[in-house]
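K.L.:
Chains as they are written, first to last, in the numbering used here: chain A, 325 to 627; chain B, 989 to 1524; chain C, 1268 to 1583.
C-beta atoms are modelled at their ideal positions from N, C-alpha and C, and glycine is treated no differently.
Structure follows, in structure tokens:
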């Protein structure tokens, strides 16, 4: 961050407006978030009637109790962490080299490869063929079914490629090449260390993708013990939301009463579930943020 | 701005869910095809097999209890000698998983509570993935066979056009509601000194108007909402529509058959127009909650709990109003308009198809049929419904099947505990639901509700609006094709007519458009299917 | 050093050599490409045969190969639908609206973040603005309905408090698109800044020092140094987003849709959802999906060409 020598009036005004803009953004975003936090510990009646609008009313921790007393939750957290870490590492290993290769104009065939990859962003065969493929590869019910079919995303490859092209200095690479550096060495010794922001962004995007994902788990996993967090949370929520009209099951009074009671709790934990699944990620971000500092790479070039 | 387009991909992918069914399963012909195994099956009594037999079963799992630990299933295993291996999928993703499994060629032996639609039964049945059951029923299912003989309509409703029965249904003999009933807020009735419930649409209108104007909840604010309804994307107004349509002689909101065996497509009927006129009147005078099209179920409930609503739909009144079950909130007695002699009241069809099926990989269909047949007997149904005797219930008079509830172990909620005993919780499991099951277990409140149902619905001529039946694949396709545009248009126009966005003078144009989109064709197709069903 | 988008050639001496030599010299790059290529070939091209049911009358009992070929029947049915033009219009207008509002905002916000010194304030504002991204679509829709409810919504009450007459936000077709877009913007702007922040970290501080020496104001520096640095990123993001115009997801719309606002809220994906899943018409929904993809591809290529002509930046 460039320290200002002497700021003119115009500059001062600019800075103040910037701060105001940020504070406003903060407030606009903050209000609904506080609402969610409050709603997760308020009585459903107050939430649904609109009586609760900022601060919690009739505080109840039943929602969170329900979620955390479920023994599967902790297992879910563990599984999700494993899947996220492993998955993200795989993603990075597949995406970064490819993106770098595509960023080189002397790479014969890059247009072809790019086209091949882009095509898949628009046209896809569908769920059943993919499921059959995963089954035939013997991946059903294994962690790899959650990782391999999503090993890379076109979007992220394109973004990473853009970063390589715009932020790694061309001169640097040419110089290294003249010094006799092979592509591999160049990539590992020079490119990667300079790519901290790119790596951080990719890790964040892919990591969050894994953290939030539930659909692949839904169709590929059979063992409850392997369920990630999102699956467990969904189960809890869906269980609570069962209603007589939708089950088609034989309904009698006791069942309906039970479902009615559950619906109340569903209202309650809907918000708690978000807090539970999001807080870890939101807490991790500040650590990644330091990679997004201006000039962090250029500086190392000079050095 | 990286927006996830995943939902779209999901849609596209899910749209291909059943895509490769036969395409791939026909290339996966490895599945074992012996229906006559070396398993000797006892035709009656228990155990069903003398040597141990293991079958795989797939069902939706609500996630409360591991099926292997359910007492009912454990005891069933000891009793029958058949061991079951469970390959369940979570309930909310069951549809997807089911289709994937059936497409992959790796079939479970039994499909339990799988909710197979008539279309699915025909499709999979024709491919040979589902085994025809009618012969097995003859030989190995005395209970179910008896049920069919007592209720011939059931057989008609579960037989596919090709003459085979591909799955067994849930049979509901004791629950007669077609939709959740509507209830009057008893406090309001008292406050306004109403001693006789409205019988005609005019009387209803007058009552609702009084609710609006005379502050029956006594809080000094004109916050009363005479009628409120909820929205879900699929079902605006569904909770009250059928009840109010009945006032104009219409049994169901889409397709129904009248007393002369003629099938009607509701959105084209004169009675429907009268319904729209009436609703429009209620809307414009603010008697129908203007948030009916946009609020969530929870919001409506909050209003009811706040003692603001006079007439609403729910399983029981107290579920919306809060508090304890009370007999002070009378059930809505369907009213009639001037154009009919009596209101048209819809009754529960009593059958949900697709609850049990046997796949071609099953080595012992006879044993499987005997296994499920037990669930259609009184003892079996009782066992699977409430759990083994002595845990949640016991007999006080076994002769007459009278029972009573026992205190719930661990002091839990009864339903929560029941869910750990039996798989028949929240899923459409194959069984017979009959009055005897709850004999002696009903509270006074339950009995009162039964009485209300009897007096106000059953005695007033409630009948099934349109039977459960099979359409042929072509019929099915045609109706689905038409409905893409048709149902969208009908729904939109209903809302417009009711809210006045479209004046009722536009009715004729509306009819023309509906006909152009194929409304009459829908009636025709259903008429043909109905005639087929009737003559079977 | 301005951010240039052209690919980097590390070995100028290769320019005139033969094809074989050029490939051989960079053999490691092919290795780099390999995992990704394998991945796409296996997991994307492998299952692609499923697309053909768009051209068939898929009847499950006959399977894909047995189902009869109907060519463009499904497409015709879609084009002839009573609602075709409405659906197309709604989808396009919502997408463009979303782009128009939602595309610039993250850029502006990112530039603003960049001007602020690092510290607790910056970190907390950033973290807070990211959080909405994680709210599930179901809760988001639920919140919108709650906040805008005519009888109890807090936004409605706020408007009344200010003395104005609130509109029927949830049921008036005229308001649907705005509600949808602005809530989407609220949810995704913070998260969207990440890419631009990363790109901004490539700005050379020396340029700023030089500019300050020359007496340039902050605004000038931001506009002439920071902004151009991220223009390549902006261009790429714009192209990618344009290539996704018809990919409007159905979940959030489905949750906010009701009979009254349908004429403004029914889009291609919700229409197909009802047809494809609810009524089980797989061929039809695949066909419509294919139509969407084709339009998206055309848009992408068009915008890409424009970008190529007018700047040095393009997707390929």
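Could you give the DSSP three-state label for residue 1012 of chain B: helix, strand or coil?
P.N.:
Here residue 1012 of chain B corresponds to residue number 24 of the second chain, with the count starting at 1. Here the model assigns residue 1012 of chain B a pLDDT of 34, short of 50, so the residue's position is not dependable and the matter cannot be decided.
K.L.:
Does the Cβ-Cβ distance between residue 1369 of chain B and residue 1419 of chain B come in under 8 Å?
P.N.:
Translated into positions along the second chain, residue 1369 of chain B becomes position 381. Translated into positions along the second chain, residue 1419 of chain B becomes position 431. Yes, the Cβ-Cβ distance between residue 1369 of chain B and residue 1419 of chain B is below 8 Å.
K.L.:
For residue 480 of chain A, write down the residues that DSSP places opposite it in a beta bridge.
P.N.:
Here the question's residue 480 of chain A lines up with position 156 in the first chain. None; residue 480 of chain A has no bridge partner.
K.L.:
Nearest-angstrom Cα distance between residue 1325 of chain B and residue 1344 of chain C?
P.N.:
Within the second chain, the letter at position 337 stands for residue 1325 of chain B. Within the third chain, the letter at position 77 stands for residue 1344 of chain C. For residue 1325 of chain B and residue 1344 of chain C, the distance between alpha carbons rounds to 41 Å.
K.L.:
Of the residues that make up the segment 1269–1286 of chain B, which ones have a beta carbon closer than 8 Å to any beta carbon in chain C?
P.N.:
Within the segment 1269–1286 of chain B, the residues whose Cβ lies closer than 8 Å to some Cβ of chain C are 1278, 1279, 1281, 1282, 1283, 1284, listed in chain order.
K.L.:
Could you tell me which chain A residues have their CB closer than 8 Å to the CB of residue 1563 of chain C, listed as they occur along the chain?
P.N.:
As a first step, residue 1563 of chain C is located in the third chain; it is residue number 296 there, counting from the start. The contacting residues are 446.
K.L.:
Could you pull the start and end residues of the alpha helix (DSSP H) that residue 1380 of chain C belongs to?
P.N.:
Translated into positions along the third chain, residue 1380 of chain C becomes position 113. Looking at the DSSP string, the run of the alpha helix (DSSP H) that includes residue 1380 of chain C is 1371–1382.
K.L.:
I need the DSSP call for residue 1483 of chain B, collapsed to helix, strand or coil.
P.N.:
Translated into the one-based positions of the second chain, residue 1483 of chain B becomes position 495. Three-state result, residue 1483 of chain B: helix.
K.L.:
Taking residue 1447 of chain C and residue 1520 of chain C to be in contact with their CB atoms under 8 Å, please state how far apart those CB atoms are, rounded to whole angstroms.
P.N.:
Sequence index remark: in the third chain, residue 1447 of chain C carries index 180 (1-based). Sequence index remark: in the third chain, residue 1520 of chain C carries index 253 (1-based). Indeed they touch by this definition, with Cβ atoms about 7 Å apart.
K.L.:
Are the CB atoms of residue 598 of chain A and residue 1337 of chain C nearer to each other than 8 Å?
P.N.:
Counted from its first residue, the first chain places residue 598 of chain A at position 274. Counted from its first residue, the third chain places residue 1337 of chain C at position 70. The answer is no: Cβ separation not under 8 Å.
K.L.:
Can you pull the chain C residues whose beta carbon is under 8 Å from the beta carbon of residue 1482 of chain B, in chain order?
P.N.:
As a working note, residue 1482 of chain B is residue 494 in the second chain. The answer, in chain order, is 1526.
K.L.:
Which residues in chain A have a C-beta closer than 7 Å to the C-beta of residue 1569 of chain C? List them in chain order.
P.N.:
To locate residue 1569 of chain C, count along the third chain from 1; it is residue 302. Within 7 Å Cβ-Cβ: nothing; residue 1569 of chain C doesn't reach chain A, min ~14 Å.
K.L.:
Which term fits residue 1565 of chain C, buried or exposed, when burial requires 16 or more other beta carbons within 10 angstroms of its beta carbon?
P.N.:
Here residue 1565 of chain C is taken as the residue at index 298 of the third chain, counted from 1. Classification of residue 1565 of chain C: exposed, given that the 10 Å Cβ count is below 16.
K.L.:
If you draw a straight line from the alpha carbon of residue 1371 of chain B to that of residue 591 of chain A, how long is it in whole angstroms?
P.N.:
Taking the first residue of the second chain as position 1, residue 1371 of chain B is located at position 383. Taking the first residue of the first chain as position 1, residue 591 of chain A is located at position 267. So the two alpha carbons sit approximately 33 Å from each other.
K.L.:
Whole angstroms is fine: what's the gap from residue 1331 of chain B's alpha carbon to residue 1194 of chain B's?
P.N.:
In the second chain, the residue the question calls residue 1331 of chain B occupies position 343. In the second chain, the residue the question calls residue 1194 of chain B occupies position 206. Rounded to the nearest angstrom, the two C-alpha atoms are 18 Å apart.
K.L.:
Does DSSP put residue 1317 of chain B in a helix, a strand or coil?
P.N.:
Here residue 1317 of chain B is taken as the residue at index 329 of the second chain, counted from 1. Coil at residue 1317 of chain B, not helix or strand.
K.L.:
Under three-state DSSP, which class holds residue 1456 of chain B?
P.N.:
Residue numbering aside, residue 1456 of chain B sits at position 468 when the second chain is read from its first letter. Of the three classes helix, strand and coil, the one that applies to residue 1456 of chain B here is coil, per DSSP.
K.L.:
Please state whether DSSP places residue 345 of chain A in a helix, a strand or coil.
P.N.:
Here residue 345 of chain A refers to the residue found at position 21 when the first chain is read from its first residue. Residue 345 of chain A: helix per DSSP, three-state reduction.
K.L.:
First and last residue of the alpha helix (DSSP H) that includes residue 1505 of chain C?
P.N.:
Locating residue 1505 of chain C in the third chain gives position 238, where the first residue counts as 1. Element bounds for residue 1505 of chain C: 1494–1509.
K.L.:
Determine the closest residue to residue 581 of chain A out of B/1519, B/1082, B/1401, B/1148, with distance taken between C-alpha atoms.
P.N.:
By one-based count along the first chain, residue 581 of chain A stands at place 257. That would be B/1401, whose Cα lies nearest to the Cα of residue 581 of chain A.
K.L.:
At 4 residues or longer, what runs of the alpha helix (DSSP H) sit wholly inside the segment 1510–1539 of chain C?
P.N.:
Entirely contained in the segment 1510–1539 of chain C, the alpha helix (DSSP H) runs reaching 4 residues are, in chain order, 1518–1523, 1529–1532.
K.L.:
Leaving aside the five residues before and after residue 1065 of chain B along the sequence, list all residues of the same chain whose C-beta is less than 8 Å from its C-beta, in chain order.
P.N.:
The residue labelled residue 1065 of chain B in the question sits at position 77 within the second chain. Hits under 8 Å: 1071, 1072.
K.L.:
Please list the terminal residues of the continuous beta strand (DSSP E) segment that includes residue 1402 of chain B.
P.N.:
Stepping through the second chain from its first residue, residue 1402 of chain B is reached at position 414. Premise fails: residue 1402 of chain B lies in the alpha helix (DSSP H), 1402–1409, not in any beta strand (DSSP E).
K.L.:
List the endpoints of the continuous alpha helix (DSSP H) containing residue 1367 of chain B.
P.N.:
As a position in the second chain, residue 1367 of chain B is number 379, starting the count at 1. Taken as a continuous stretch (DSSP letters only), the alpha helix (DSSP H) holding residue 1367 of chain B covers 1366–1374.
K.L.:
At which residues does the beta strand (DSSP E) containing residue 1391 of chain B begin and terminate?
P.N.:
Taking the second chain and counting its residues from 1, one reaches residue 1391 of chain B at position 403. Per DSSP, residue 1391 of chain B belongs to the beta strand (DSSP E) from 1390–1393.
K.L.:
What is the rounded straight-line gap between the Cα of residue 1515 of chain C and the Cα of residue 1358 of chain C?
P.N.:
Residue numbering aside, residue 1515 of chain C sits at position 248 when the third chain is read from its first letter. Residue numbering aside, residue 1358 of chain C sits at position 91 when the third chain is read from its first letter. Residue 1515 of chain C and residue 1358 of chain C: Cα-Cα distance of roughly 7 Å.
K.L.:
Could you give the C-beta distance for residue 1375 of chain B and residue 1133 of chain B, rounded to a whole number, given that I count them as a contact under 8 Å?
P.N.:
Residue numbering aside, residue 1375 of chain B sits at position 387 when the second chain is read from its first letter. Residue numbering aside, residue 1133 of chain B sits at position 145 when the second chain is read from its first letter. About 27 Å; that fails the 8 Å criterion.
K.L.:
Does DSSP put residue 1323 of chain C in a helix, in a strand, or in coil?
P.N.:
Here residue 1323 of chain C refers to the residue found at position 56 when the third chain is read from its first residue. Correct three-state label for residue 1323 of chain C: strand.
K.L.:
Is there a C-beta anywhere in chain A that falls below 8 Å from the one on residue 1417 of chain C?
P.N.:
Residue numbering aside, residue 1417 of chain C sits at position 150 when the third chain is read from its first letter. Closer than 8 Å: no.
K.L.:
Identify, in the order they occur along the chain, each residue of the same chain with its Cβ nearer than 7 Å to the Cβ of residue 475 of chain A, setting aside the five sequence neighbours on each side.
P.N.:
The residue you call residue 475 of chain A lines up with position 151 of the first chain. If we look at residue 475 of chain A and ignore the five residues flanking it on each side, its Cβ neighbours are 414, 415, 418.
K.L.:
Identify which residue in B/1499, B/1519, B/1515, B/1516 has its Cα closest to the Cα of residue 1260 of chain B.
P.N.:
Translated into the one-based positions of the second chain, residue 1260 of chain B becomes position 272. For residue 1260 of chain B, the nearest C-alpha among the options comes from B/1499.
K.L.:
Would residue 1144 of chain B and residue 1524 of chain B be called neighbours here (beta carbons separated by less than 8 Å)?
P.N.:
Translated into the one-based positions of the second chain, residue 1144 of chain B becomes position 156. Translated into the one-based positions of the second chain, residue 1524 of chain B becomes position 536. Their beta carbons are under 8 Å apart, which means residue 1144 of chain B touches residue 1524 of chain B by this criterion.
K.L.:
Would residue 434 of chain A be called buried (16 or more neighbouring beta carbons within 10 Å of its own) or exposed?
P.N.:
Your numbering for residue 434 of chain A matches position 110 in the first chain. With 16 or more Cβ atoms within 10 Å of its Cβ, residue 434 of chain A is classed as buried.
K.L.:
Determine, using beta carbons only, whether residue 1355 of chain B and residue 1153 of chain B come nearer to each other than 8 Å.
P.N.:
Translated into the one-based positions of the second chain, residue 1355 of chain B becomes position 367. Translated into the one-based positions of the second chain, residue 1153 of chain B becomes position 165. No.
K.L.:
By DSSP, does residue 1344 of chain B sit in helix, in strand, or in coil?
P.N.:
Your numbering for residue 1344 of chain B matches position 356 in the second chain. In this structure, residue 1344 of chain B counts as strand in the three-state DSSP scheme.
K.L.:
According to DSSP, is residue 1188 of chain B helix, strand or coil?
P.N.:
The residue given as residue 1188 of chain B occupies position 200 in the second chain. Correct three-state label for residue 1188 of chain B: strand.
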